[in-house]
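Residue numbers (the numbering used here), protein chains in the order written: chain G, 1288 to 1457; chain V, 2 to 431; chain S, 18 to 332.
Below is one structure; the comments refer to it alone.
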Ligand code: NA
Ligand code: NA
């Protein structure tokens, strides 16, 4: 299944975005590993666990999950069943792919909207994390931005399937 | 109840139409709950569920165990495992297939995912089996089946998720998975033996390896054993909590990969990114499943199902067998982890009410979803194999996997008949 | 009409089984079935977001813990101050009266009607292997604590706080990851800590407490008839706080009997040791509280002396 390539400038921007996000998720995951290791070894070797390390790990997980969504928007590697798609004629397959991405985009847009709403609310009541006392809203807002980006990219990639079939189309 | 059942119906249609599993469950879950409690409250609960899921401390183990498996794969321990198993049994009839099964078992002990196990072992074992002119379907079947062990032998992403949605101890589940995993290996070896007995041409003998070489290859397996012992042993004696074992295991795998000099900086970054992507994919499904579970719960489906089953006055074992049958049928169509996340919130309260041991039920559920990984038309391990080795026809893979599905069914029956196979080890823990 | 009460603790937890479920029955009876409350089938939102689920109308009622949302509650965190009371009943009644007298205006429970405020029996120190019988025993010990305020106490006593979500206390003690835990008496049996606790340290006035509140969606409350409102208010407020506190004390007595059966060695802190503990924690905790209360315009000092007077009167 091949799609029309994006226009060059847009493609460059998407590439830069994905490149940056991939480095950030790598960093987040490395931090999760290192913090857990330091927390446990600190506890045993130096009687000094990292206070609140687990809370940073939790926040890193939330960021990591949402930061992968814009990357997953491109290749559509979210888990799905491919029983139908392979049996469709090529033209219908492209519409099918586009429909799937528009559907994902709508769901992601709703997620982004609700995350912003929760972020605004938690900022207004002043929620903080339990142990480190960090404000919760910036993390929610960041997830909202990432969800919004994923929604946007899903729609952009949907368009690549239906606007003027690419040269490599089957 | 109507909203929940209708939700299941619409969800199934969306899934069969190829829509992403996670997003479909989110959309249907929110639509269904809004029919029950109104749109604004439904959206508000869904958002809370989402935030709570992606920031849940217990779930931080998922990316870390995935990372551990990927680091181990990049350290090329799978090659050593296969090399050692091959040295001892490769020269027998069907020996390479048997060595594949044994190496898969070893790799499963340090990897939390069946797909990673299948993908890694395809790269390692398929070229060798090709060289000795194994039947392509039989070769592919042995790898796909061996790969399923990844989610039963600890560490296991499936057992972690089961433990979290049912509030069961992850250590107990991990320990309970060990013997059924080894039993799976024995059943698969039995399948290899039977197939090559009937069709000797399917699995010709491999090279004979001399004693010094055997010893040399066996010694190379020690990092895998050390890591498994450290992580599971640490859990068993209580040096650290399950939530910490993943970080420790990943750090251990990192050290092994560094020591073996198989890891460059850019290679490490790639491993981190791949692990994060897998995590994103898993969480997409997990968030959807939990939002959909809200619909199931608000619709009181488990209560109603429990009442109905209790009113039928069935034997407990009959109920469990019926549930397993549902899993085997659904497993043909649904992806394994999504199937578990979708069904456990419905079935678990029912079997709990009947007094079924929750740890044992977790193990039989995971064995049932292991089978789903290799049953057509939707079997994720079969797809992985096809992706890594595109020249093997899917029809060949389907045929080759048949004997292993039968081996799995035998194991499932054994586990249903003798719960002690699963419960023996966790019982020694306290 | 049917109303939902959000469920996040198991049915058999004493606060559900002994306090809330009988209260639902009482409300149903007093309103002649017009207010029929039942639990949701499962937990829909995490423990720290109970009040939001009620305010948004997703559920009608919920029970929540003040300490779960430290940024939201400033004045109402008063019950978490150290060494307030030995028993839950006087503390609960005093907390409700203080809420009504001093905190109502601050509107910390926006979008909801507050039906009760109460406390668990102020907790002790639970440890395995050794007692915490002198200030030296605290030095560098690893102590489990659930929320920021109790972790601050651990630190002020010279120990190392190991901060984890509450239900993990069993695992942390079982694996000896911590030397001791800050937890209330009832949790000794509710979290099945029996095999992992050998020693307990008590004081004449507890050390710290977890405080709870019960809220109802404000729109649903406004929609009730005056007669139903009056009937519910009669059963809620001080009456519900008293019942909840008394039940917690009773559950704690059951736990203490179990402790005696299990030969848990109890140290009653007194004299110099108690004075040193109090000196280490009371002043800094109160100063921090008064400052927090100040930010929302509540006279924390007046509220605190009122609370103390009410505890004395009840105790
Ligand atoms: Na595994
Ligand atoms: Na299948």
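All residues carry an ideal CB built from backbone N, CA and C; glycine is no exception.
Around the C-beta of residue 1437/G, 16 or more other C-beta atoms lie within 10 Å, and the residue is accordingly described as buried.
Legend: CB atoms of the stretch 1394-1409 of chain G lying less than 8 Å from CB atoms of chain V belong to residues 1394, 1395, 1397, 1398, 1401, 1402, 1404, 1405. Distance from the CA of residue 1308/G to the CA of residue 1355/G, rounded to the nearest whole angstrom, comes to 8 Å.
DSSP places residue 19/S in the uninterrupted beta strand (DSSP E) bounded by 19-22. Between residue 363/V and residue 163/V, the beta carbon gap of about 5 Å places them in contact (Cβ cut-off 8 Å). Excluding the 5 residues flanking it on each side, residue 1402/G has same chain C-beta neighbours closer than 8 Å at 1427, 1428, 1430, 1431, 1434, in chain order. In the three-state reduction of the DSSP assignment, residue 242/V falls in the coil class.
What residue 178/S touches in chain V, judged by beta-carbon distance under 7 Å, is nothing: the nearest beta carbon there is about 16 Å away. Between residue 375/V and residue 382/V, the gap from beta carbon to beta carbon is short of 8 Å. Residue 94/V and residue 208/V have their C-alpha atoms spaced approximately 11 Å apart. Nearest Cα to residue 1414/G within the set 114/S, 172/S, 86/S: 86/S. Residue 175/S does not reach chain G, its nearest Cβ partner there being about 12 Å away, counting only Cβ pairs nearer than 9 Å.
One alpha carbon belongs to residue 359/V, the other to residue 178/V, and they sit about 13 Å apart. The beta carbon of residue 187/S sits no closer than 8 Å to any beta carbon of chain G. The beta carbon of residue 125/V sits closer than 6 Å to the beta carbons of 79, 80, 83 from its chain, once the five residues preceding and following it are set aside; these are given in chain order. Proximity of the beta carbon of residue 109/V to ligand 1 is indicated: a heavy atom of the ligand is located closer than 7 Å.
If the five residues before and after residue 266/S are omitted, its C-beta is found closer than 6 Å to the C-beta atoms of 104, 105, 106, 138, all from its own chain and listed in chain order.
If you keep only unbroken beta strand (DSSP E) runs of at least 3 residues inside the stretch 95-155 of chain S, you get 129-136, 141-144. Sequence-distant partners of residue 50/V (beyond 5 residues in either direction) whose C-beta falls short of 8 Å from its own C-beta, in its chain, are 288, 291, 292, 295. The beta carbon of residue 1449/G sits closer than 7 Å to the beta carbons of 1381, 1382, 1385 from its chain, once the five residues preceding and following it are set aside; these are given in chain order. Going by DSSP, residue 164/S is part of no alpha helix (DSSP H) at all; its letter is neither H nor E. Interface with chain G (8 Å Cβ-Cβ cutoff): residue 239/S is excluded. Between the alpha carbons of residue 370/V and residue 1297/G lies a gap of roughly 42 Å.
For residue 247/V, the CB contacts under 6 Å within the same chain, skipping 5 residues up- and downstream, are 62, 65, 66 in chain order. Using a C-beta cut-off of 8 Å, the stretch 251-259 of chain V makes contact with the stretch 1319-1329 of chain G, since at least three inter-stretch Cβ pairs fall below that distance. Within chain V, 19 have C-beta atoms less than 8 Å from the C-beta of residue 1372/G, given in sequence order.
Residue 367/V is positioned such that its CB atom lies closer than 8 Å to that of residue 153/V. By the criterion of a C-beta distance shorter than 6 Å, residue 19/S is surrounded in its chain by 53, once the five residues flanking it on both sides are discounted. Within chain V, no residue has its beta carbon less than 8 Å from that of residue 328/S; the closest one is some 35 Å off. When beta bridges are read from the DSSP output, residue 233/S appears opposite 78/S, 130/S.
Going by C-alpha positions, residue 284/V is about 28 Å away from residue 81/S.
Distance check between residue 281/V and each of 1299/G, 1316/G, 1408/G places 1316/G closest, using alpha-carbon atoms only. Judged by DSSP secondary structure, residue 218/S falls within the beta strand (DSSP E) whose first and last residues are 216-219.
In the DSSP assignment, no residue is bridged to residue 276/V. By the Cβ test, the stretch 162-178 of chain S is not in contact with the stretch 123-131 of chain S, since fewer than three Cβ pairs between them sit closer than 8 Å.
Going by beta carbons, residue 48/V and residue 1405/G fall inside the 8 Å limit.
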